[in-house]
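Here the UniProt record's numbering is used: the first residue of the sequence shown is 1, the next is one more, and so on. The C-beta atom is built at its ideal place from N, Cα and C for all residues, glycine as well.
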Amino acid sequence: MPRDADNPVVQAEQSHYHSTMYDTAGAAQMSFKPINQVHQHLCGLHIYAHDGGRAVKAHHFCTHLRPDLHQCIIYDSDDKNAKLIGIEYLIPEDKFMQLPEDEKKYWHSHKYEVDSGMLVMGTKSLVPNAVSDLAERPAMLELHRTYGKTTHTWQIDKYPDIPLGAPQIMMAYTDDSQVDKALLQKRDDEMGIDTAAKRKVRHGYLKKEDLERPPADGADQLWVKGRKGQLEWKDLE
Numbered sequence: 001m002p003r004d005a006d007n008p009v010v011q012a013e014q015s016h017y018h019s020t021m022y023d024t025a026g027a028a029q030m031s032f033k034p035i036n037q038v039h040q041h042l043c044g045l046h047i048y049a050h051d052g053g054r055a056v057k058a059h060h061f062c063t064h065l066r067p068d069l070h071q072c073i074i075y076d077s078d079d080k081n082a083k084l085i086g087i088e089y090l091i092p093e094d095k096f097m098q099l100p101e102d103e104k105k106y107w108h109s110h111k112y113e114v115d116s117g118m119l120v121m122g123t124k125s126l127v128p129n130a131v132s133d134l135a136e137r138p139a140m141l142e143l144h145r146t147y148g149k150t151t152h153t154w155q156i157d158k159y160p161d162i163p164l165g166a167p168q169i170m171m172a173y174t175d176d177s178q179v180d181k182a183l184l185q186k187r188d189d190e191m192g193i194d195t196a197a198k199r200k201v202r203h204g205y206l207k208k209e210d211l212e213r214p215p216a217d218g219a220d221q222l223w224v225k226g227r228k229g230q231l232e233w234k235d236l237e
């Protein structure tokens, strides 16, 4: 009986794998239920937990799994050919405070990102900034006192071609003095936004208590304690 492995017509089908025709057929036949739950696009900057001088743009595409848990897929841009570089989980402050102390070192606060206007919703280019600011308000009120655990599997700034090296724990900025202003300006220019203007808008609606109160103890250890760390391979018997 003939084997498909010996049939040149069958073997030629591999050439269709990267075609638009194959993608279209796949979209019609396959289930994408988890991906279809993504309904929020956020953009900010992430820094490496062992090197606060290295920052990358992070476009988050998020699902609200539960009221107390967001999960986000992270890309280097919002283009159709964007590279998948990591994941992030977000939890509210009360949940963070219940974590074991040794677990907290992996988590960062979002207070400064929201305060400063740095964390933004990725709206379509035709949406006016004033409309975007209004649409952001419920999200920023919610995210202001949340905490994120982020791992990047692709050091896109160091290895732009393929994802080499160990997965990286990522952190967030907590103060103006830490920020890579050139990278932030590049992000703003690409998205047609003004971080400084967003800061002013947000200080008009964020709760005064939340603006004044520092993040919970245990988060942001790179900045608070000068504690640097990363994941590494460990051979086991």
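According to DSSP, is Arg202 helix, strand or coil? Residue mapping note: residue 202 aligns to position 202 of the sequence shown, counting from 1. In this structure, Arg202 counts as helix in the three-state DSSP scheme.
Suppose contacts are defined by Cβ-Cβ distances below 8 Å. Is His60 in contact with Ile47 by that definition? As a first step, residue 60 must be located in the sequence shown, where it is residue number 60. As a first step, residue 47 must be located in the sequence shown, where it is residue number 47. Contact: no.
Option nearest Met171 by Cα separation, candidates Trp223, Pro34, Cys62, Ala196: Your numbering for residue 171 matches position 171 in the sequence shown. Taking only the C-alpha atoms, the option nearest Met171 is Trp223.
Taking contact to mean 3 or more Cβ pairs, one atom from each stretch, closer than 8 Å, check whether the stretch 37-45 and the stretch 60-70 are in contact. As far as the Cβ criterion goes, the stretch 37-45 touches the stretch 60-70, which means the pair count is three or higher.
With DSSP as the reference, please indicate the residues paired to Thr63 in a beta bridge. By 1-based counting over the sequence shown, the position of residue 63 is 63. Its beta-bridge partners are Gln71.
Just the C-alpha distance for Gly148 and Met191, rounded to the nearest angstrom, thanks. Here the question's residue 148 lines up with position 148 in the sequence shown. Here the question's residue 191 lines up with position 191 in the sequence shown. One C-alpha to the other measures close to 23 Å.
Stretch pair the stretch 81-99 + the stretch 150-158: three plus CB contacts closer than 8 Å: yes
Closest to Asp175 by C-alpha separation, out of Pro160, Asp161, Asp133, Gly117, would be which residue? Sequence index remark: in the sequence shown, residue 175 carries index 175 (1-based). Comparing Cα-Cα distances from Asp175 to each of Pro160, Asp161, Asp133, Gly117, the minimum goes to Gly117.
Which whole-angstrom value is the C-beta distance of residue 246 and Leu184, which I expect to be below 8 Å? Limits of the chain in this structure are 1 at one end and 237 at the other, which puts residue 246 out of reach.
Is Met121 buried or exposed, if buried means 16 or more other CB atoms sit within 10 Å of its CB? Counting from 1 along the sequence shown, the entry for residue 121 is found at position 121. Looking at its Cβ environment, which holds 16 or more other Cβ atoms inside 10 Å, Met121 is buried.
For Leu143, list the residues DSSP reports as bridge partners. Sequence index remark: in the sequence shown, residue 143 carries index 143 (1-based). Looking at the DSSP assignment, Leu143 forms no beta bridge with any residue, so it has no partner.
For Trp233, is the classification buried or exposed, using 16 other Cβ atoms within 10 angstroms of its Cβ as the cut-off for buried? As a working note, residue 233 is residue 233 in the sequence shown. Answer is exposed; the Cβ neighbour count stays below 16.
Cα-Cα separation, Gly52 to Asp157: Position 52 of the sequence shown, counted from the start, is the residue given in the question as residue 52. Position 157 of the sequence shown, counted from the start, is the residue given in the question as residue 157. Roughly 14 Å separates the two Cα atoms.
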